[in-house]
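Colleague:
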Amino acid sequence: MKIAFYDTKPYDKVWFDTMAQEYNAEIKYFDFKLNAETACLSKGSDVVCIFVNDTADKETLDILHENGVKLLALRSAGYNNVDFKSAFGKIHVVRVPDYSPAAVAEHAIALLLTLNRKTHRAYSRTRDNNFNINGFIGIDLAGKTAGVIGTGKIGRVFAGICKGFGMSVLAYDPYPVQDLDVKYTGLDELLESSDVISLHCPLTPETRHMINRENLEKMKSKAILINTSRGALIDTSALIEALKNRKIGGAGLDVYEEESEYFFEDLSDTIIEDDELSRLLTFPNVLLTSHQAFFTEEAMHEIARVTMENVKAFESGGALENEICYKCDGPCEKKNKNRCF
Ligand code: NAI
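In our numbering, the protein residues as written are 107 to 447.
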């Protein structure tokens, strides 16, 4: 199969080239993102492979369809950038649902530990021969409460690590699971009682801006907020206001509402136009990473392998285990030979 691969980074080639040989696939790499302007370059490809900041809206999908593209292969777990209603009946959409929950949960923990003990600032200070520890005081996590919003694959690993630290774990999820050693509560109770709050739910119309002004007000004044899921779960203006007014203790963010223009790019010679991003970067108690939570060797190997398995299943006419459609908010019917349509 011929694959048009958008938003390629050097590390993508390392993992996908090896896998393409194994699966006998032909990949055409583009270093720009998919959108309505670049979709024309998919002509001649059966599959288009995209990542989190590519755009698969109606206009783009219509062009892909006209160009004969049959499969949109997301090399990510999240899929909020795809207009599924427009794809339905035309282009099958597959994803990599769980390449390494540990990778993301461990990065969320890295953000938490760094923010709490200020190791990001200590690193710079000691390298400047400044061995002063003023301002670096943290809290013991043991005995504190972690609030986990979304107890899917990643949220549960995060909860397990917090348990290992000796924390109690509260959880909020409209679909609670039975076998998890956490206390499910309502969202309000979680926000009011947690010392650490970590977001692990998908971005949907319901979860967009779930961390808004009102909910930030409910948090403890020293609470640390961690977001490794999707930027728009948080209303950034409200977060900035809460940080300025010392309403929360800090924020560890691997994702940002308007990240698509900035994240994954080297813009060190550029003036940043986004004032909210710039403001976030000024707070000593905000730690921002550039959507790298997924980025481990194990995860990259799995992303490449499962993407190729998805393509192979499509090519062979087999069941599309990792297919998603607009009906998939509930169970996907997959009526047609284990496919959505
Ligand atoms: P998952 O599908 O296994 O779990 C999501 C959980 O959120 C489910 O239990 C679901 O019931 C719950 N949920 C749905 N609506 C909710 C709501 N309104 N409030 C609270 N919980 C709700 O997903 P997984 O694999 O754990 O991934 C979670 C998110 O992490 C993804 O949606 C994706 O956006 C993000 N992600 C980020 C990565 C990164 O590199 N920063 C990498 C991979 C995923």
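Here a beta-carbon is modelled for each residue, glycine too, at the ideal position from N, C-alpha and C.
In whole angstroms, give me the CA-to-CA distance for T114 and L180.
Modeller: 13 Å
Colleague: So, at 6 Å on beta carbons, what are the nonlocal neighbours of A110 in its own chain, with the 5 sequence-adjacent residues on each side left out?
Modeller: K134, S148, S151 and V154
Colleague: On the premise that L177 lies in contact with V200, defined as a C-beta separation below 8 Å, what is that separation, rounded to the nearest angstrom?
Modeller: Rounded, the Cβ-Cβ distance is 7 Å, consistent with contact.
Colleague: Based on the DSSP output, what are the partners of H198 in its beta bridges?
Modeller: L177
Colleague: Quick one: what's N333 bridged to in DSSP?
Modeller: L305 and L359
Colleague: What are the residues that DSSP puts in a beta bridge with E429?
Modeller: Its beta-bridge partners are V200.
Colleague: Please list the segments of the beta strand (DSSP E) lying wholly inside the region 259-310, counting only runs of 3 or more residues, in order along the chain.
Modeller: 274-278 and 302-305
Colleague: With a 10 Å radius around its C-beta and 16 neighbouring C-beta atoms as the bar for buried, classify G356 as buried or exposed.
Modeller: Buried, since its Cβ has 16 or more Cβ neighbours within 10 Å.
Colleague: Could you work out which residue in E421, E408 and S182 is closest to T124 when comparing CA atoms only?
Modeller: E408
Colleague: Considering only the beta carbon of each residue, do A248 and E404 sit closer than 9 Å?
Modeller: no
Colleague: Name, in chain order, the residues that DSSP records as bridge partners for V83.
Modeller: Any answer about residue 83 is impossible in this case: the structure gives the chain only from 107 up to 447.
Colleague: State yes or no: is the C-beta of I215 nearer than 8 Å to some heavy atom of the ligand NAI?
Modeller: no
Colleague: Could you check where the beta strand (DSSP E) with L394 kicks off and where it finishes?
Modeller: V392 to L394
Colleague: Where does the unbroken beta strand (DSSP E) through I156 begin, and where does it stop?
Modeller: Here the beta strand (DSSP E) through I156 covers V153 to I156.
Colleague: Which residue wins for smallest C-alpha separation from D279, given the options N416, A183, D360 and K289?
Modeller: K289
Colleague: Rounded to whole angstroms, what's the CA-CA distance from A183 to N235? Just pull it up for me.
Modeller: Straight through space, the alpha carbons of N235 and A183 are spaced by roughly 43 Å.
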